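According to our numbering, the sequence shown is numbered sequentially starting from 1.
Note that CB positions come from ideal geometry on N, CA and C, so glycine has one too.
These numbers come from a predicted model, not from an experiment.
Right, one structure below, let's go through it.
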Amino acid sequence: MHSIMPKELLNLMRAGSGHISPTLKLVNGYVIDVFSSNIIKADVMVFKDRVVAIGSEEDYPTSQSTKVVDVSGKYLAPGFMDAHIHIESTLLIPAQLAKILIPHGVTSLFADPHEIGNVLGVKGIKLLLKLTEGIPLRVFIEVPSRVPTAPGLETSGAVLGVEEVGELLDLPESVSLGELNYQNLLSGREEYFQKIAAALSRGKVANGHLAMLKGVELNAALAAGLMDDHESVSAEEAMEKVVRGAAVFVREGTSERNLEDIIKGVLGRVRDFRRFMFCTDDKHPEDIVREGHIDYNVRKAVELGVDPVVAIQMATYNIATHFRVDHLVGAVAPHRKADIVVISNIDKVT
Numbered sequence: 001m002h003s004i005m006p007k008e009l010l011n012l013m014r015a016g017s018g019h020i021s022p023t024l025k026l027v028n029g030y031v032i033d034v035f036s037s038n039i040i041k042a043d044v045m046v047f048k049d050r051v052v053a054i055g056s057e058e059d060y061p062t063s064q065s066t067k068v069v070d071v072s073g074k075y076l077a078p079g080f081m082d083a084h085i086h087i088e089s090t091l092l093i094p095a096q097l098a099k100i101l102i103p104h105g106v107t108s109l110f111a112d113p114h115e116i117g118n119v120l121g122v123k124g125i126k127l128l129l130k131l132t133e134g135i136p137l138r139v140f141i142e143v144p145s146r147v148p149t150a151p152g153l154e155t156s157g158a159v160l161g162v163e164e165v166g167e168l169l170d171l172p173e174s175v176s177l178g179e180l181n182y183q184n185l186l187s188g189r190e191e192y193f194q195k196i197a198a199a200l201s202r203g204k205v206a207n208g209h210l211a212m213l214k215g216v217e218l219n220a221a222l223a224a225g226l227m228d229d230h231e232s233v234s235a236e237e238a239m240e241k242v243v244r245g246a247a248v249f250v251r252e253g254t255s256e257r258n259l260e261d262i263i264k265g266v267l268g269r270v271r272d273f274r275r276f277m278f279c280t281d282d283k284h285p286e287d288i289v290r291e292g293h294i295d296y297n298v299r300k301a302v303e304l305g306v307d308p309v310v311a312i313q314m315a316t317y318n319i320a321t322h323f324r325v326d327h328l329v330g331a332v333a334p335h336r337k338a339d340i341v342v343i344s345n346i347d348k349v350t
């Protein structure tokens, strides 16, 4: 997913310098600048699947193969991302899921496939990845840390031990060790600490499942290497995690709807939203079709008083930065993938 050849880099530079024509120009629009939290008037030049320039389209040649799209008065934002999702709970294969997510501006998923992992193990997770090939949806993997999920209570179809987790972490699509809860760590089983170490030693993230943790227990979980959480149900819970360095994935799915309580409670208390991100965790197809997906989270946050640019950052750049793929996605900027959402109304994010 992330490999690139030297010749490709040369061609990107040539397109970015105007020596060869871009394949796409988006002109007369406003770029959501997620780096400085601004909106700038600029044209965007794309070569194949990557942005090569932000500036004036007049500085770049237009050939017969260049497609020029006038986006006058519209806003160009990075494609929206879901920081934590279980694809299996949508009851759709990736190609069908893409059909209902792309119209909502969602272009990247950070998915923990522990459900198919519990049934088919490494083979199942690789099969899921195979099903993502050739679709207009980027899927990053949070490698399941707890397979079987409930040992002694259920009969799973597979076991993902330290060796299997290491194998999956080495896949180019893998960005993290999937959600691990404090109770697992309290068991003292070396296996869980080996899995965290396997992720951290590879420069990858270790996701947490830190429901209702606070005080000493929260400190302990974070000290063990867990770096984020998607289980906060209140502003107080979210704030306690953020001030200790954890990223908080603000969840709004089908059954768990925590966005309003968290956002209302942190507004006025938080000056910098870099550690706040959006996720759905589990959202059913009928709810996606009816109200939206991550775009719904963004709109709702704006309605509650979050600045639109900040809300978009929470759905894009913050997530990409947390998972260390901001060189690839999360911004409308040179070298990044041209996953671009065109927004007509910035205040309503539509």
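Neighbourhood of residue i by C-beta, 8 Å cutoff - its chain only, sequence neighbours within 5 removed
i	result
residue 21	15, 60, 61, 62, 63, 65 and 66
residue 198	162, 165, 166, 169 and 177
residue 25	43, 44, 45, 46, 57, 60, 62, 66, 67, 68 and 69
residue 321	274 and 330
residue 296	104 and 252
residue 269	235 and 239
Collapsed DSSP secondary structure at residue i in the structure displayed
i	result
residue 90	helix
residue 288	helix
residue 345	coil
residue 254	coil
residue 227	coil
residue 15	helix
residue 135	coil
residue 45	strand
residue 315	coil
residue 309	helix
residue 247	strand
residue 273	coil
residue 222	helix
residue 324	coil
residue 6	helix
residue 213	coil
residue 299	helix
residue 304	coil
residue 21	coil
residue 130	helix
residue 59	helix
residue 83	strand
residue 103	helix
residue 175	strand
residue 110	strand
residue 70	strand
residue 186	helix
residue 123	helix
residue 337	strand
residue 162	helix
residue 140	strand
Residue i versus residue j: straight-line alpha-carbon distance, rounded
i	j	result
residue 91	residue 55	42 Å
residue 280	residue 253	4 Å
residue 115	residue 241	27 Å
residue 292	residue 150	32 Å
residue 201	residue 223	15 Å
residue 289	residue 154	33 Å
residue 228	residue 89	21 Å
residue 159	residue 125	12 Å
residue 310	residue 134	31 Å
residue 339	residue 203	25 Å
residue 157	residue 121	7 Å
residue 327	residue 79	14 Å
residue 36	residue 6	30 Å
residue 52	residue 303	34 Å
residue 94	residue 152	31 Å
residue 344	residue 71	9 Å
residue 348	residue 255	24 Å
residue 332	residue 257	29 Å
residue 341	residue 216	42 Å
residue 350	residue 101	14 Å
residue 123	residue 113	12 Å
residue 248	residue 324	16 Å
residue 259	residue 11	43 Å
residue 171	residue 313	27 Å
Same chain, Cβ closer than 7 Å to residue i, neighbours up to 5 away in sequence not counted
i	result
residue 219	244
residue 274	318
residue 195	145, 162, 165 and 177
residue 18	59, 60 and 61
Assigned exposure category for residue i - 16 Cβ within 10 Å defines buried
i	result
residue 146	buried
residue 58	exposed
residue 336	buried
residue 307	exposed
residue 48	exposed
Contact belief for residue i with residue j at Cβ below 8 Å, rounded distance in angstroms
i	j	result
residue 193	residue 142	The pair is not a contact, with the Cβ atoms about 18 Å apart (cut-off 8 Å).
residue 32	residue 77	4 Å
residue 175	residue 140	5 Å
Same chain, Cβ closer than 6 Å to residue i, neighbours up to 5 away in sequence not counted
i	result
residue 235	262, 265 and 266
residue 180	145
Short CB-CB distance (under 8 Å) between residue i and chain C
i	result
residue 61	Although the question refers to chain C, the structure presented lacks it and comprises just one protein chain.
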